[in-house]
Amino acid sequence: MATRIVYIAFASVCLFGCSEKRMSEEWCDSMIDKPNSEWTEQDFTSFSQDCLYNEKKS
């Protein structure tokens, strides 16, 4: 049982450590290409705050 927890924790760290950094320019571009039906509420919030708002400030 303990080894299973260790494997799950290790896999989680690997997956999240390798995932694309949120709110980067690349993340904003990838979200533009992603269908809106696949977005989560957090995606909408992050995109509007970090992609749309930052473009207006620049």
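The numbering of the sequence shown is my numbering, which starts it at 25 and goes up by one. C-beta atoms are modelled at their ideal positions from N, C-alpha and C, and glycine is treated no differently.
Where T64 falls: helix, strand or coil (DSSP): Three-state DSSP puts T64 in coil, outside helix and strand.
Residue environment, M55, which counts as buried when at least 16 other CB atoms sit within 10 Å: Answer is buried; the Cβ neighbour count reaches 16.
Helix, strand or coil at M47 according to DSSP, with G and I counted as helix: Coil at M47, not helix or strand.
As assigned by DSSP and simplified to three states, the class of M25: Of the three classes helix, strand and coil, the one that applies to M25 here is coil, per DSSP.
M47 beta carbon less than 8 Å from that of S61: Contact: no.
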